[in-house]
Structure formats: C-alpha cells, structure tokens
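In the working numbering, the protein residues as written are 30 to 378.
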C-alpha cells in the first residue's frame with residue numbers, strides 16, 4: 030500500500046469511527062456570573078500562540094498529509110475557509126512531500142489560497158532539522174508543528190518501532206527552524222512531565238492532543254489482522270491534560286486539542302489554561318457533509334458563540350477567560366487529585 034492510499038484510508042476511518050466524547054469537558058462547570066458587566070460587542074477574542082498573534086483562538090488543526098488529489102482538495106477548501114474566517118490553519122504531515130516532490134502541490138495550495146493567513150507546517154518527531162526547514166519553506170509557514178504519535182505508530186501495521194532520540198531532534202529543530210515550534214500529541218494526551226521536557230527543549234507551545242477525539246488506535250486497528258484493543262482506551266483526557274500542563278506555569282503557551290466540538294469546549298479549554306484550541310474532526314465532518322460554505326458557516330458560528338459565552342462570564346479578553354473560575358468534578362477531579370494537582374486553584378480564583 031502506498032503512503033497516499035494509507036492516508037486516504039485514514040480519512041475514511043476517521044470519519045467512520047468518529048469521536049468518543051470522553052474528553053473530560055463534561056466534568057468542567059463554569060461558575061455562573063450574575064453581573065457580567067460586559068457587552069457582546071466589546072469582546073476581543075484575539076490571542077497569542079507561542080509568540081504569534083492571532084485574531085482567532087480557534088484554528089484548523091492538522092488532518093491529513095500525502096493523500097494526493099484528495100489531500101489537495103481538502104487543503105484547498107480548508108485554506109479558503111480559514112482565509113475568510115481569519116483562522117490559522119495547520120497542514121498534515123509533510124514528510125510525504127519531502128520524500129516525493131510530486132506531493133508538494135497538495136500542501137503548497139494552502140499558501141496560494143491563503144497568502145496572508147497564519148499557517149503551521151507539520152512533521153513527525155522522526156524529522157531532522159534540515160527536513161524541518163524544508164517543510165517550513167515549502168508553505169512559507171509561520172510556525173512548525175511536531176507531532177508525537179507513538180501509539181498510532183506502534184499500532185500501525187507498517188509503523189515505526191523505535192522512538193529513540195525524539196527530544197534531541199526536537200531541540201535541534203527548535204534551535205534552527207526560524208519559526209516557533211509547537212509540539213503536539215495526536216489524541217492520547219500529554220502529562221506535565223512530558224510538557225516540561227518539551228518546554229525545556231525549546232518548544233514555543235505544547236498541544237495537549239488529549240484523549241476523547243479522533244482515535245488513531247481505533248483507526249490503525251481497523252487496518253490490522255490482530256487488533257491491539259488495549260490501546261483503544263489508552264491516554265489522558267483533554268481536560269486532564271490541559272490542567273496538568275497548566276500546573277507547570279502560567280506563562281507558557283498551551284494549545285488545546287482532542288475532541289473539541291463546540292464553543293463551550295473551547296471556552297472550557299481556555300479556562301483550563303489554553304491560549305487557543307485546535308479542531309480537526311469537527312471541521313473535516315463539516316466540510317465533507319456541508320461543503321466549503323457549510324464549513325465557513327460552522328467556523329463563524331463557533332467564533333460568535335465563543336464571544337457569547339465570554340460575555341455571560343464577564344470576560345472581555347482571552348486572558349480574562351483563562352482566569353474564569355470553574356469547578357472540576359468526576360473522573361477529571363479524581364485524576365488530577367491523584368496526580369497531586371489542587372483543583373481548587375481553578376474554582377477560587
């Protein structure tokens with residue numbers, strides 16, 4: 030099977046398996062504000078992401094790379110919608126285009142369609158510094174995502190079996206990429222210990238990529254003769270991951286992703302410490318079911334709904350939303366308590 034064929038399988042399986050909605054956000058409740066003293070028109074949703082300024086705290090997260098014409102068509106529509114909505118856009122892994130120049134057109138289209146927008150390049154942790162620079166140059170990227178997908182690779186029939194040296198490669202990439210480097214998990218969550226090591230290695234931001242969204246173990250297990258079922262429920266929920274990473278410091282950029290499907294999910298993510306939120310499965314589903322205009326409508330509705338939520342919470346800016354009081358209950362509370370994280374710091378601020 031070629032890489033392009035495998036990527037097309039991933040897209041189809043992602044749509045068919047859906048999202049588990051076990052993100053932990055149901056355990057998060059905002060403390061209601063009866064006197065918000067704020068008008069909707071005054072809400073400012075601009076934010077900082079690893080040193081970059083974005084007019085939107087929601088962005089289109091990486092979906093697919095190396096699927097030939099199908100990837101081209103998806104990326105073209107995503108870039109057009111991102112330009113109109115003012116949202117940043119991350120492409121899928123560009124390794125296929127580094128190995129096969131015939132694939133470059135399916136990535137280069139995003140910059141052609143969105144010449145002035147924020148665009149994030151993407152490679153796996155197996156990439157070296159020279160490949161990272163080429164990936165950034167390919168699409169004139171404003172930042173580079175490095176994705177960590179150990180579980181996906183180990184379940185993938187033709188996936189990697191060695192994961193040595195990733196942190197040192199990331200450190201070299203961060204030192205020489207020329208743009209901010211964001212390191213992201215792909216659906217299995219990130220602990221505070223892993224996040225600390227990545228920040229120390231020079232990551233400008235870490236993306237929690239929590240459990241509860243598109244499950245790449247389930248996707249790859251559909252492609253195996255003997256499934257490794259135990260990995261289908263493996264990981265740290267998105268909500269718990271965000272709280273873990275935020276417990277390190279209030280100054281570092283944390284990105285939320287992993288099963289976000291609504292403006293309320295985004296608002297909760299930001300209140301748990303994220304500076305922005307990436308959505309992939311939700312946008313892919315909107316694009317495939319409603320077309321490009323339907324995707325744009327979904328994006329603009331999400332941004333407006335986020336402003337509405339911020340209004341009733343009395344939060345004029347994203348920085349204020351990051352400090353909005355909330356109560357953590359259930360499995361997420363239990364997880365964080367067992368990990369030595371005081372959840373009352375969120376409810377009493």
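Beta carbons: idealized from backbone N, C-alpha and C, even for Gly.
Beta-carbon spacing of residue i, residue j below 8 Å
{"i": "residue 108", "j": "residue 324", "result": "no"}
{"i": "residue 350", "j": "residue 344", "result": "yes"}
{"i": "residue 152", "j": "residue 337", "result": "no"}
{"i": "residue 228", "j": "residue 172", "result": "no"}
{"i": "residue 150", "j": "residue 123", "result": "yes"}
{"i": "residue 310", "j": "residue 243", "result": "yes"}
{"i": "residue 79", "j": "residue 267", "result": "no"}
{"i": "residue 90", "j": "residue 366", "result": "no"}
{"i": "residue 195", "j": "residue 214", "result": "no"}
{"i": "residue 307", "j": "residue 161", "result": "no"}
{"i": "residue 168", "j": "residue 208", "result": "no"}
{"i": "residue 154", "j": "residue 198", "result": "yes"}
{"i": "residue 112", "j": "residue 137", "result": "no"}
{"i": "residue 299", "j": "residue 86", "result": "yes"}
{"i": "residue 392", "j": "residue 57", "result": "The requested residue 392 does not occur in the structure, where the chain is confined to residues 30 to 378."}
{"i": "residue 269", "j": "residue 364", "result": "yes"}
{"i": "residue 251", "j": "residue 147", "result": "no"}
{"i": "residue 347", "j": "residue 74", "result": "yes"}
{"i": "residue 373", "j": "residue 355", "result": "no"}
{"i": "residue 83", "j": "residue 117", "result": "yes"}
{"i": "residue 313", "j": "residue 92", "result": "yes"}
{"i": "residue 265", "j": "residue 219", "result": "yes"}
{"i": "residue 253", "j": "residue 144", "result": "no"}
Residue interval of the beta strand (DSSP E) (run including residue i)
{"i": "residue 82", "result": "81–83"}
{"i": "residue 214", "result": "210–214"}
Residues bridged to residue i (per DSSP)
{"i": "residue 308", "result": "89"}
{"i": "residue 73", "result": "346"}
{"i": "residue 58", "result": "356"}
{"i": "residue 282", "result": "234"}
{"i": "residue 153", "result": "176"}
{"i": "residue 118", "result": "89 and 148"}
{"i": "residue 270", "result": "Bridge partners of residue 270: none, in fact."}
{"i": "residue 78", "result": "81"}
Unbroken alpha helix (DSSP H) run spanning residue i, endpoints
{"i": "residue 236", "result": "Taken as a continuous stretch (DSSP letters only), residue 236 belongs to no alpha helix (DSSP H), being part of the beta strand (DSSP E) at 234–236."}
{"i": "residue 127", "result": "124–128"}
{"i": "residue 295", "result": "292–300"}
{"i": "residue 200", "result": "195–205"}
{"i": "residue 8", "result": "No answer is possible for residue 8: the residues shown for the chain start at 30 and end at 378."}
{"i": "residue 254", "result": "Element bounds for residue 254: n/a, residue is neither H nor E."}
{"i": "residue 222", "result": "221–229"}
{"i": "residue 376", "result": "373–376"}
{"i": "residue 166", "result": "158–167"}
Whole-angstrom C-beta distance between residue j and residue i, which should lie under 8 Å
{"i": "residue 224", "j": "residue 301", "result": "Wrong, their Cβ atoms sit about 13 Å apart, outside the cutoff."}
{"i": "residue 127", "j": "residue 163", "result": "6 Å"}
{"i": "residue 222", "j": "residue 368", "result": "Not confirmed; about 10 Å, so no contact."}
{"i": "residue 328", "j": "residue 72", "result": "Not quite, the Cβ-Cβ distance comes to about 17 Å (not below 8 Å), so this is no contact."}
{"i": "residue 257", "j": "residue 179", "result": "With a Cβ gap of about 13 Å, residue 257 and residue 179 do not count as contacting."}
{"i": "residue 378", "j": "residue 241", "result": "Incorrect: roughly 25 Å between the Cβ atoms, too far for contact."}
{"i": "residue 158", "j": "residue 95", "result": "21 Å between Cβ atoms; not a contact."}
{"i": "residue 59", "j": "residue 353", "result": "6 Å"}
{"i": "residue 245", "j": "residue 216", "result": "5 Å"}
Would you call the segment 93–106 and the segment 187–199 touching, i.e. three or more CB-CB distances under 8 Å?
-> no
Take every Cβ of the segment 231–241, pair it with every Cβ of the segment 280–296, and state whether three or more of those distances are shorter than 8 Å.
-> yes
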